[in-house]
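Take this note's numbering: the last position of the sequence shown gets the number 349, and nothing is skipped along the way. Positions of the beta carbon are idealized from the N, C-alpha and C atoms, including for glycine. Data block below; observations after.
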Amino acid sequence: MFYYHRMADFYITSRDYSKAIELASKGYEKSNGPGFLRILGTCYFWEGRYKESLEYFEPYIEAMEELGLEDLWTKPQIAYVYMKNGFPEKANFFIEKQIAQSELWIENNVNWADGQYIFLSHVYGMRGDKEKALENLKLAYQRWGETAHVMEIRDYALFEKIRNEPEFQEIVLELIEQVITNQVVVEQELLATGLVPRGEPVARRGEQPAPPAGAVGAGQRIA
């Protein structure tokens with residue numbers, strides 16, 4: 127079952143959701159493991175198929191409760207799916223649970239505590255609380271330093287209520303610039319090893335990622 131789980135996670139990272147669904151479905155058929163229900167709900171979430179997502183998230187929640195376990199990583203997505211399906215009270219329940227979890231982890235400085243700021247930005251963004259969403263998004267990248275998922279942040283459904291805020295777009299632009307800087311640094315390190323041919327820096331080979339709509343000098347869009 128480990129194979130199906132890891133490979134489904136791999137295809138989610140690659141944004142090949144149909145392949146991830148195929149593998150997670152096979153894994154669930156063989157084991158009935160709740161983790162596969164979470165993967166299936168997540169895949170449909172990323173595809174914007176929120177009704178189908180809920181069809182997997184709800185049995186996932188029930189299965190976890192029967193096992194005496196709590197989901198630690200998917201509450202914002204579950205909340206959003208409930209919201210999109212017309213269940214605001216259930217959405218708020220998972221938002222509040224995420225806020226409580228994140229604040230507790232941060233207060234006690236447990237493993238992955240810094241990563242909780244991104245979850246807080248998700249749930250506050252979902253609520254349209256611009257100030258708290260932006261505050262926690264900034265903290266996430268100051269404390270966590272992760273820029274790999276900048277394009278997901280730019281387009282993330284949970285930020286739809288704050289996506290057009292100038293402060294949000296400025297954060298995205300800063301992260302894009304950091305990604306470009308990181309590319310150049312990595313290439314310079316590789317060139318220094320002599321293992322790759324010399325050429326133009328990565329950032330000059332292709333076009334710079336499109337800045338978000340409404341940003342200073344931007345003619346492109348945030349999809």
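| Asked | Found |
| --- | --- |
| Within 10 Å of its beta-carbon, does residue 140 have 16 or more other beta-carbons around it, so buried, or fewer, so exposed? | exposed |
| I'd like the span of the alpha helix (DSSP H) that includes residue 245, first residue to last. | 242-253 |
| Taking the Cβ atom as the reference point for each residue, do residue 246 and residue 293 lie within a distance shorter than 7 angstroms? | no |
| In three-state terms, what does DSSP make of residue 261? | helix |
| Quick check on residue 214: buried or exposed, where buried means 16 or more other Cβ atoms within 10 Å of its Cβ? | exposed |
| Counting along the chain, where does the alpha helix (DSSP H) carrying residue 132 start and finish? | 128-139 |
| Is it buried or exposed for residue 207, if we count other Cβ within 10 angstroms and need 16 for buried? | buried |
| Between residue 154 and the ligand ZN, is there a pair consisting of the residue's CB and a ligand heavy atom that are separated by less than 6 angstroms? | The ligand ZN is not among the ligands present in this structure, which contains no ligands whatsoever. |
| So what's residue 199 in DSSP terms, helix, strand or just coil? | coil |
| What number of angstroms, rounded off, separates the C-alpha of residue 172 from the C-alpha of residue 231? | 26 angstroms |
| List, from N- to C-terminal side, the alpha helix (DSSP H) runs of 4 residues or more that fit wholly inside the segment 131-185. | 143-157, 160-172 |
| Would you kindly report the start and end of the unbroken alpha helix (DSSP H) that includes residue 311? | 292-319 |
| Quick check on the burial criterion: 16 or more other C-beta atoms within 10 angstroms. Buried or exposed for residue 129? | exposed |
| By how many angstroms is the C-alpha of residue 144 removed from the C-alpha of residue 238? | 30 angstroms |
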